[in-house]
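A short write-up of the structure that comes next.
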Amino acid sequence: MSNRLAFIQGAAHISIQNPLSDEWFDAPLRYHQLLVPTIDPKFSDYLPPLVSRRMCNLIRRAVITSRVALNEAHIEVPDAIISGTGLGCIGNTEKFLNAINENGEEMLPPSYFMQSTHNVLSSSIAIDLKCHCYNNTFVHRGTSFEQALYDTTLILNQESIHNVLVGGFDEMTSKYFELMAKAGYWKRVEEGFDEEQPCFAGEVAASFVVSDKKTPQTTCCIEGIKLLYKPSVATFNKTINQLLAKSEHTPADVELLLTGINGNVKNDTVYRQLGLSLFDANICNTYKDLFGESFTAPAMGLYALSRCYAKKTVPPYWHSKNSSFGEKGKVSLILNHWNGKSCSIILLSGC
Amino acid sequence: MNSGNEILVTGSGIITALGIGKDATWDALVNKRSGIAPVKYLQSSHGEFPVGEVKLSNEEMRALLHIRPSTTTVRSSLLGIIALEEALEEAGIKPSYAKERVALISGITVGGMDQTELVYQKLFETETYNDYIDLNDCGGCTEQIADYFNGFSSVSTIVTACSSAANALIMASNMLKTGEADIVVAGGCECLSIYHFNGFHTLMILDNELCKPFDQHRKGINLGEGAAYLVLETTEHAVKRGATSRGKLAGACNACDAFHLTASSPNGIGPYLAMKGAIENAGLKPSAIDYINAHGTGTPNNDLTEGIACMRLFDKVPPIASIKAFTGHTTSAAGAVEGVISLLALENNYMPVNLNFSQQMEELNFSPVSNPLPKKPLKYILSNSFGFGGNDSSIIFASNK
Amino acid sequence: MLELKNEIIKVLNLEGIKPEDINDDDEMFSKGLGLDSIDALELIVMLEKNYGIKLTDPAKGKEIFKSIRIMAEYVTANRKK
């Protein structure tokens, strides 16, 4: 992200916390179950039935959060639309696959297939906004959203691109939940929710408007973002220091750390090695206990932190170094990894 | 553009129905030998649709790559590894030994579905197939490719259907121009799967005969599979490490049709903006384009839209051809497969022809190149990749001269 | 035709539309319900599933789906179920 800073001007979410609101800040809903579905708004308040009839819920959430974020940013049509999703509309993928297994490759419903191509999210948003600009989709496991955000910062260097609509979207079905449990990402249904290892699956829809300059709507500044693959601990920490140095900060300026610690032992162990050694444990906070684990959960981490910058304070259950949050000269970090392989570092500051 | 900052291609690799590697590919193209044939490996009941299948089983590819039988693999990753190996070797790079930052960006859409669809029920009933779970999603496949080589500084996956690999190349160019990596390897891979074979079938866009791009009587696509990767770096970096340029990525643009999820707009606004943007990005005028490697899938819709967009952009449409009747439609890999072919065309000053053409489309004022044209120096080739959801990308490849 | 209208509403997920909202002779595609090419494909699948009528040419679908009346007449004449 060599040249330009990026500024968050608008954001919206529909997730397992009350949608399109910041009630999660003071009064988060707390869950003790393994799979938590989205709390959806009344879709017909935003989308006429004939428009939304073919959209699965994930597409509806993507379109609605995009509109709300743009509205907050006072932008009508963005210069680019980029999405990150780990599984796309997995519900539709399963329906088409089941139809093939049941009908033997005959009389298959085209709509399910059409919506199972992951870029259906970015495309549906573009069709809704009549936006002919740059359009991209990243599907890379737990860093899908960060890859979309990274691409955002790359293209903001181009003269014609000033406002990018970037989002993270994922849904979870009971079938796929079962598969990911078998792969060890969370407990299996028969094991039940474990208070000692409280990792649970959530769903995500979060949209942001990220711009190349500050406006009265700006909540925070993305000072830098890096993607890494299977970094050594030394490389990971070195990258954090490089990001800080590039934006003329030091580790002492980091007032808050947000990590993807989620209660799954294998996942959490990696965090304790990566990056945390540079900072005090008491400024390390988590967000997956609020929003659940999902391939694009980091979008909710960014959402939550951007709201902290807007309010200039952190929620009562988080801790930052200073009583006043987001003061000049201070920064925060969001650290993420998936399976210890694909990693991301996001550096933020207030405005 | 500052000549130290041009984007050079210093290596490339390819595998399609035409064979493994650039030599086999070029030999087939020049000798007008299509790779499309009846289905052999894919276990689909729709045997009436010819396909561009890579003529190797998964076992044969694993043997080529010395992958142990006990290692779980998916077909797209195997194709990707083979193509990537050729690219890295030509460029003289071993990422695991590289001191520089070597990033990987890969386009794919089916992920590991070719295996998931075969073992789906068993995934739930036993523990024996759990390895396939982490290989099912798109990022899982890219990671399998990356892990075969090790040493990539970052690994990203782009999924925009038929424009995925082209968008990977565009992102690579952006990373290099902003100094985010020293070398970026970009491209895509995609194998046939029952899932998307049937998906295309339900959209009624498959041709049960050899496809006829840009022909008045075209009926649809022959689905294909394959992989291709290009090694990209700036001139400055290539010179510093003594790498040889095979050609340049001179310009690119992505635009969105924003019309419909599977059909393209009647006026072709997306393709028009993508092509126009790429030409402008390269600092050129349309008249500089020597040849268009069309998306040209052979569907009534695409070829009409693409044709109309070309007529809108070019006073006189330059020689244009789709090679999809050679390779089949390689979907997520197409942008890179056809990028490699475009670079070969530039190197050899020869324009691959558009097979199976007999009658000009009534709406268009041009016909594709159906017979070999006399060799002439080629400088700029425009390559189109237009995906579902109206995701339209165009890339300009330039020769070294 | 009522049966057909109900099937169309179900298959195309036309939430909020009732059979009485669909006129027998109205154009279904460019105007009226404003259906698109994917809807046409879904209707082709429905014809095969419900009535055993197999269409292989999407262009034929365009003619048949011009209006409910035309579609109903085609189904009556060609149904195998």
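Residue numbers (the numbering used here), protein chains in the order written: chain A, 22 to 372; chain B, 662 to 1062; chain C, -14 to 66.
Ideal Cβ placement from N, Cα and C applies to all residues, glycine included.
Going along the chain, which residues of the region 128 to 144 of chain A sit with their C-beta nearer than 9 Å to a C-beta in chain C? If you check each beta-carbon in the region 128 to 144 of chain A against every beta-carbon of chain C, the ones closer than 9 Å belong to Met128, Leu129, Pro130, Pro131, Ser132 and Met135.
Going by Cα to Cα distance, which pick from Ala916(B), Phe813(B) and Glu851(B) is closest to Lys362(A)? If you number the first sequence from 1, residue 362(A) lands on position 341. When each option's Cα is compared against that of Lys362(A), the closest is Phe813(B).
Unbroken stretches of the beta strand (DSSP E), 3 residues or longer, contained in the region 69 to 131 of chain A: 101 to 105
Going by C-alpha to C-alpha distance, which of Leu79(A), Trp359(A), Leu279(A) and Asn258(A) sits closest to Asn285(A)? Counted from its first residue, the first sequence places residue 285(A) at position 264. Taking Asn285(A) as reference, the option from Leu79(A), Trp359(A), Leu279(A) and Asn258(A) with the minimal CA-CA separation is Trp359(A).
Using the beta-carbon count (16 or more within 10 Å), is Arg736(B) buried or exposed? Counting from one through the second sequence, the residue named residue 736(B) turns up at place 75. The residue is buried, with at least 16 neighbouring Cβ atoms inside 10 Å.
Three-state secondary structure (DSSP) at Thr158(A)? Counting from 1 along the first sequence, the entry for residue 158(A) is found at position 137. Of the three classes helix, strand and coil, the one that applies to Thr158(A) here is strand, per DSSP.
With 9 Å set as the bound, which would you pick, yes or no: does the beta-carbon of Glu778(B) sit closer than that to a beta-carbon of chain F? Within the model displayed, chain F is absent; protein chains A, B and C are what it includes.
Mind checking whether Ile102(A) and Tyr155(A) have CB atoms under 9 Å apart? Here residue 102(A) refers to the residue found at position 81 of the first sequence. Here residue 155(A) refers to the residue found at position 134 of the first sequence. Contact check for Ile102(A) against Tyr155(A) passes: the beta carbons are separated by less than 9 Å.
Residues in the region 20 to 38 of chain C with C-beta within 8 Å of chain B's C-beta atoms, listed in sequence order? So the list reads Asp21, Ser22, Ile23, Leu26, Ile29 and Val30, given in the order they occur along the chain.
Take Ser341(A) as the anchor and find which of Thr194(A), Val275(A) and Tyr67(A) has the nearest alpha-carbon. Translated into the one-based positions of the first sequence, residue 341(A) becomes position 320. It is Val275(A).
Within this structure, are the beta carbons of Phe312(A) and Gln38(A) separated by less than 9 Å? The count along the first sequence starts at 1 and reaches residue 312(A) at position 291. The count along the first sequence starts at 1 and reaches residue 38(A) at position 17. Against a cut-off of 9 Å, the Cβ pair of Gln38(A) and Phe312(A) comes out as a contact.
Helix, strand or coil: how does DSSP classify Val210(A) here? What you label residue 210(A) is simply residue 189 of the first sequence in a count that begins at 1. Val210(A): helix per DSSP, three-state reduction.
Classification of His53(A) by the beta-carbon crowding that lies within 10 angstroms, buried from 16 upward: Here residue 53(A) refers to the residue found at position 32 of the first sequence. With fewer than 16 Cβ atoms within 10 Å of its Cβ, His53(A) is classed as exposed.
Got a sec, what are the start and stop residues for the alpha helix (DSSP H) Gln776(B) sits in? In the second sequence, counting from the first residue as 1, residue 776(B) sits at position 115. Per DSSP, the unbroken alpha helix (DSSP H) holding Gln776(B) starts and ends at Met774 to Glu786.
Contact under 9 Å by Cβ, Val780(B) with Cys799(B): As a working mapping, residue 780(B) is identified with position 119 in the second sequence. As a working mapping, residue 799(B) is identified with position 138 in the second sequence. Cβ atoms of Val780(B) and Cys799(B): not closer than 9 Å.
Contact the region 869 to 881 of chain B vs the region 919 to 928 of chain B: 3+ CB pairs below 8 Å: no
Relative to the C-alpha of Asn869(B), which candidate in Ser817(B), Gly989(B) and Asp792(B) has its C-alpha closest? Position 208 of the second sequence, counted from the start, is the residue given in the question as residue 869(B). Checked all of Ser817(B), Gly989(B) and Asp792(B); the closest Cα to Asn869(B) is Gly989(B).
Count the other C-beta atoms from every protein chain shown that fall within 10 angstroms of the C-beta of Glu58(C), then say buried if there are 16 or more, exposed otherwise. Looking up residue 58(C) in the third sequence gives position 73. Burial state of Glu58(C) is exposed, judged by a 10 Å Cβ sphere holding fewer than 16 other Cβ atoms.
If Ser1060(B) sits next to Leu1039(B), beta carbons under 8 Å apart, how far is it from one beta carbon to the other, in whole angstroms? Counting from 1 along the second sequence, the entry for residue 1060(B) is found at position 399. Counting from 1 along the second sequence, the entry for residue 1039(B) is found at position 378. Indeed, because the Cβ distance is near 6 Å, the residues count as touching under 8 Å.
Do you know offhand how far Ser948(B)'s Cα is from Phe975(B)'s? Here residue 948(B) refers to the residue found at position 287 of the second sequence. Here residue 975(B) refers to the residue found at position 314 of the second sequence. For Ser948(B) and Phe975(B), the distance between alpha carbons rounds to 7 Å.
What are the residues in the region 806 to 835 of chain B lying within 7 Å of chain A by C-beta distance? Ala807, Phe813, Ser814, Ser815, Val816, Ser817, Thr818, Ile819, Val820, Thr821, Ala822, Asn828, Met832 and Asn835
Interfacial residues, the region 41 to 70 of chain A to chain C, with Cβ spacing under 7 Å: Pro70
Quick one: give me the first and last residue of the beta strand (DSSP E) that Leu1043(B) is part of. To locate residue 1043(B), count along the second sequence from 1; it is residue 382. Here the beta strand (DSSP E) through Leu1043(B) covers Tyr1041 to Gly1048.
One question on the structure: do Thr770(B) and His95(A) come within less than 9 Å of each other, judged by their Cβ atoms? As a working note, residue 770(B) is residue 109 in the second sequence. As a working note, residue 95(A) is residue 74 in the first sequence. No.
Consider the Cβ of Phe28(A): report whether some Cβ of chain B lies at a distance smaller than 9 Å. On the first sequence, position 7 is the one that residue 28(A) refers to. Phe28(A) does not count as touching chain B.
Asp11(C) and Ile53(C): beta carbons closer than 9 Å? Counted from its first residue, the third sequence places residue 11(C) at position 26. Counted from its first residue, the third sequence places residue 53(C) at position 68. Yes, they are a contact pair.
Could you spell out the range, first to last residue, of the alpha helix (DSSP H) harbouring Tyr856(B)? Reading the second sequence from its first residue, position 195 is the one you call residue 856(B). Note, Tyr856(B): alpha helix (DSSP H), Ile855 to Thr863.
What are the boundary residues of the beta strand (DSSP E) that Trp359(A) is part of? Locating residue 359(A) in the first sequence gives position 338, where the first residue counts as 1. Segment Val352 to Trp359, the beta strand (DSSP E) holding Trp359(A).
Is it true that the region 119 to 134 of chain A meets the region 1014 to 1034 of chain B, where meeting means three or more beta-carbon pairs spaced less than 8 Å apart? Per the Cβ contact rule, the region 119 to 134 of chain A is not in contact with the region 1014 to 1034 of chain B (fewer than 3 Cβ pairs under 8 Å).
Is the Cβ of Pro43(C) closer than 9 Å to any Cβ of chain B? The residue labelled residue 43(C) in the question sits at position 58 within the third sequence. Cβ-Cβ to chain B under 9 Å: yes for Pro43(C).
How would you list, in chain order, the residues of chain A whose beta-carbon sits under 9 Å from the beta-carbon of Phe1049(B)? Taking the second sequence and counting its residues from 1, one reaches residue 1049(B) at position 388. Within 9 Å Cβ-Cβ: Met135, Thr138, Asn140, Val141 and Ser144.
Members of the region 856 to 886 of chain B near chain A, C-beta cut-off 7 Å: If the cut-off is 7 Å between Cβ atoms, the region 856 to 886 of chain B has Tyr856, Asn859, Gly860, Thr863 and Leu864 near chain A.
At a CB distance below 9 Å, what residues from the region -11 to 1 of chain C approach chain A? Give them in sequence order. Answer set for the region -11 to 1 of chain C: Val(-4), Leu(-3), Asn(-2), Leu(-1), Glu0 and Gly1.
Check whether the Cβ of Thr839(B) lies closer than 8 Å to any heavy atom of the ligand MG, and answer yes or no. As for the ligand MG, it is missing from this structure, which has no ligand bound.
Taking only runs that begin and end inside the region 908 to 946 of chain B, name each unbroken alpha helix (DSSP H) of 4 or more residues, in chain order. 930 to 942, all fully within the region 908 to 946 of chain B.
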